[in-house]
Amino acid sequence: MIQRLRFALGTTGIGFVTFNPATANDTLCLTSTTSTSVGGSATAFSAFTNLTTSNFTSMPYTTASHTANLVLSRVVAYGIRIGNVQNLMNRGGIVFAFEHPDHVDVMSQTLDSVGAMQYTARDRVSSEPGWDSDVLYSGPTTPADLEFQAAAMPLNNSAGARVAVLAVSGTAGDVYEAEVCVHVEYIGTNAAGRTPSHSDVENSGKVLEVVKTTAGTKPLQKADQPGVLDRIRDAITEAAPVIMQGGAMIKSILSADFSSFLENGIRLASNSLVQDKLNGSHTPGLMGVGRPRQILYKGA
Numbered sequence: 316m317i318q319r320l321r322f323a324l325g326t327t328g329i330g331f332v333t334f335n336p337a338t339a340n341d342t343l344c345l346t347s348t349t350s351t352s353v354g355g356s357a358t359a360f361s362a363f364t365n366l367t368t369s370n371f372t373s374m375p376y377t378t379a380s381h382t383a384n385l386v387l388s389r390v391v392a393y394g395i396r397i398g399n400v401q402n403l404m405n406r407g408g409i410v411f412a413f414e415h416p417d418h419v420d421v422m423s424q425t426l427d428s429v430g431a432m433q434y435t436a437r438d439r440v441s442s443e444p445g446w447d448s449d450v451l452y453s454g455p456t457t458p459a460d461l462e463f464q465a466a467a468m469p470l471n472n473s474a475g476a477r478v479a480v481l482a483v484s485g486t487a488g489d490v491y492e493a494e495v496c497v498h499v500e501y502i503g504t505n506a507a508g509r510t511p512s513h514s515d516v517e518n519s520g521k522v523l524e525v526v527k528t529t530a531g532t533k534p535l536q537k538a539d540q541p542g543v544l545d546r547i548r549d550a551i552t553e554a555a556p557v558i559m560q561g562g563a564m565i566k567s568i569l570s571a572d573f574s575s576f577l578e579n580g581i582r583l584a585s586n587s588l589v590q591d592k593l594n595g596s597h598t599p600g601l602m603g604v605g606r607p608r609q610i611l612y613k614g615a
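Going by this note's numbering, the first residue of the sequence shown is number 316, and it counts up by one from there.
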């Protein structure tokens with residue numbers, strides 16, 4: 316989901332937009348200054364006057380849907396960027412971009428305190444068209460950030476909390492455009508379905524592969540389906556011409572009962588000539604040979 320807005324630097328030449336990624340369309344999550352906002356570099360962002368708040372109207376679900384557990388949500392990623400929209404000759408100023416590393420509310424911070432933060436990025440407003448600075452989601456900081464939640468602001472659900480800020484010190488009245496993008500996942504009764512993130516797909520696939528491999532790879536037992544025997548019998552028969560001393564043994568194996576087949580077949584499979592032959596022929600279904608008391612089989 317993408318949303319755009321404009322904000323202006325206040326009467327002292329300081330302005331900002333703060334953000335907390337919301338997953339409900341009626342939750343106020345953006346706070347920004349106007350040209351009549353009053354506050355200095357040592358004024359807490361929450362104490363600036365004439366602020367504007369807005370919500371992410373393009374989100375498909377409401378706060379009530381979350382509260383009733385009809386949908387659960389989590390934030391996968393977000394980004395916010397700003398650019399000066401004044402004419403090129405009048406552009407100027409410095410942008411301070413900051414996301415709190417623990418997703419703590421930044422509204423109690425000031426321009427001075429944010430400017431002194433270790434993780435704050437500082438950019439000079441460009442005289443060229445385009446975006447001047449941005450803040451990107453740094454990732455989950457607690458296990459709860461990875462869970463689907465009934466909270467409309469999963470990273471920090473405190474009323475009025477904002478976790479990121481783009482503050483500007485420049486010319487009073489200068490206008491900036493902000494663009495916000497949020498990737499959210501939903502599950503629940505009212506949700507159309509889950510859209511797994513890339514990492515979920517990748518890691519779930521790895522787990523599934525291990526489970527399938529473990530489930531399909533086992534020692535042969537008497538109860539195994541006849542198709543298993545057919546595959547191994549065919550493989551041993553194919554290998555027979557290269558066996559210098561195993562001809563008579565193969566004949567007895569193929570005509571013996573299942574118990575003798577297993578006992579002698581396993582012993583025969585440890586023969587290096589048979590192993591070379593099987594490895595070279597890539598016989599379907601035979602995963603590995605050569606272990607003293609075990610032939611591994613991977614189903615089709």
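Beta carbons are placed, not taken as given, at the ideal position from N, Cα and C, and that holds for glycine.
Counting Cβ pairs, one atom from each stretch, are 3 or more of them under 8 Å apart for the stretch 428-437 and the stretch 485-495? no
Element boundaries [beta strand (DSSP E), containing residue 449]: 448-451
DSSP beta-bridge partners of residue 411: 437, 482
Separation of residue 469 from residue 440, as counted between CA atoms: 32 Å
Looking only at C-alpha atoms, which of 490, 321, 405, 397 sits nearest to residue 442? 405
At 4 residues or longer, and completely inside the stretch 333-394: list those alpha helix (DSSP H) runs for me, N to C. 378-382
Residue 445 by DSSP, collapsed to three states: which one? coil
Host beta strand (DSSP E) of residue 320 (start-end): 317-323
Give the single residue among 372, 452, 364 whose Cα lies nearest to the Cα of residue 318. 372
Can you look up residue 495 in the DSSP assignment and give me helix, strand or coil? strand
According to DSSP, residue 419 sits in a beta bridge with which residue or residues? None, per the DSSP bridge assignment.
Name the DSSP beta bridge partners of residue 500, please? 389
Taking the C-alpha atoms as reference points, what is the distance between residue 457 and residue 416? 11 Å
Please go through the same chain and pick out, in chain order, the residues whose beta-carbon is closer than 8 Å to the beta-carbon of residue 425, but skip the five residues on each side of it. 356, 357, 358, 359, 360
Contact check, residue 320 vs residue 347, beta carbons under 8 Å: yes
How would you label residue 379, buried or exposed, when you count the other beta carbons within 10 angstroms and need 16 or more for buried? exposed
According to DSSP, is residue 402 helix, strand or coil? coil
Under 8 Å between the Cβ atoms of residue 472 and residue 385? no
Assuming residue 367 contacts residue 326 (C-beta within less than 8 Å), just tell me the rounded distance between them. Between residue 326 and residue 367 the Cβ distance is about 15 Å, and since that is not below 8 Å, they are no contact.
Beta-carbon separation (whole angstroms), residue 463 vs residue 369, contact threshold 8 Å: Wrong, their Cβ atoms sit about 25 Å apart, outside the cutoff.
Do residue 363 and residue 480 have their beta-carbon atoms positioned less than 8 Å apart in this structure? no
Look at residue 447 and residue 410 and say whether their C-beta atoms are less than 8 Å apart. yes
Please work out which residues of its chain come closer than 7 Å, Cβ to Cβ, to residue 477, disregarding the five sequence neighbours upstream and downstream, and give them in chain order. 333, 334, 335, 346, 420, 421, 422
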